[in-house]
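Per UniProt numbering, residue 1 is the first one in the sequence shown, and the count goes up by one each step.
The C-beta atom is built at its ideal place from N, Cα and C for all residues, glycine as well.
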Amino acid sequence: MKYPDNIIEVAALLPDYMGFIFWEKSARYFNGVIPKLPKSIKKVGVFVNESIDIVADKVQLHDLQAVQLHGKESVAFCAELKTRLPKKVEIIKVFSIIDSFDFEILEPFESLCDYFLFDTKGKLPGGNGTTFDWTVLEKYPSTKPFFLSGGIGLEEMPEVNEILKTNLPIYAIDVNSKFEIEPGLKSIQLCGGMQQYISKSNKIKNK
Ligand SMILES: O=C(O)c1ccccc1NCC(=O)[C@H](O)[C@H](O)COP(=O)(O)O
């Protein structure tokens, strides 16, 4: 999210999380003041290979309830960050997938983050608008809940509903570019369209 009026309009739909990109090269780069949001909405700061000091500063400045690490953050980085953030701040570690993934690399991150997020590998670290082959997740070996992400729009929701029927611990659905009029500006009509799917499944949290 980027623009104050749009943030307020989307907030009225009560997503569980709302994301703010703190990566300067993104067309969605957020450099403003987050308007007051309903208490139930967790504000997520999205970072790409940022320093611990800057992540901690942004958490404090914007009163973020979660950080999403969308770069090549190491196990050591996550361990250090965990000691620097208030305990209640959730850490979401992102891993990008195309058509295969070595799930073994997740193991040392498990105790350091609250959720994983699986996105599609693309030209940009995130917001590429393309899906990955979700059958890769059939080999997910963990019980750590994760966000499903990457190119999800209303058209993908029937398929999302199918994957939700599996035993995979999908905690949330992360949506972005397919709900936009332009980068950072969400379509209220499209976001509203998501509501019907959310009410159908109490397994989905919407971000
Ligand atoms: O959206 C961006 O511009 C972005 C840039 C750099 C790192 C992460 C970014 N977005 C993070 C997200 O969580 C997106 O929602 C996720 O990548 C999915 O995006 P999309 O494929 O457009 O649905």
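- Taken in chain order, the complete alpha helix (DSSP H) segments of 4 residues or longer contained in the segment 13–96 are 52–62, 75–84.
- With contacts defined as CB atoms closer than 8 Å, Y197 and M157 qualify as a contacting pair.
- Taking 8 Å as the cut-off, the beta carbon of I173 is found closer than this to the beta carbon of L148.
- Between the C-alpha atoms of G153 and V175 there is a straight-line separation of about 7 Å.
- The closest CA to that of Y29, considering only F103, G126, I91, is found on G126.
- A Cβ-Cβ separation of about 6 Å places P169 in contact with T143 under the 8 Å criterion.
- The continuous beta strand (DSSP E) containing D119 extends over residues 115–120.
- Counting every other CB atom within 10 Å of its CB across the protein chains shown gives L61 a total below 16, marking it as exposed.
- Under a 10 Å Cβ-count criterion, S96 is classified as buried, with 16 or more other Cβ atoms of the shown protein chains found around its own Cβ.
- Counted as a single uninterrupted DSSP element, the stretch harbouring L124 is not any beta strand (DSSP E), since DSSP gives it neither H nor E.
- Contact check for Q68 and V89: beta-carbon distance about 11 Å, past the 8 Å limit, so the pair fails to qualify.
- As computed with DSSP, F146 is found in a beta bridge with F116, I170.
- If you draw a 10 Å sphere on the C-beta of S40, you find fewer than 16 other C-beta atoms in it, and that means exposed.
- For E156, no alpha helix (DSSP H) encloses it, and the DSSP letter there is neither H nor E.
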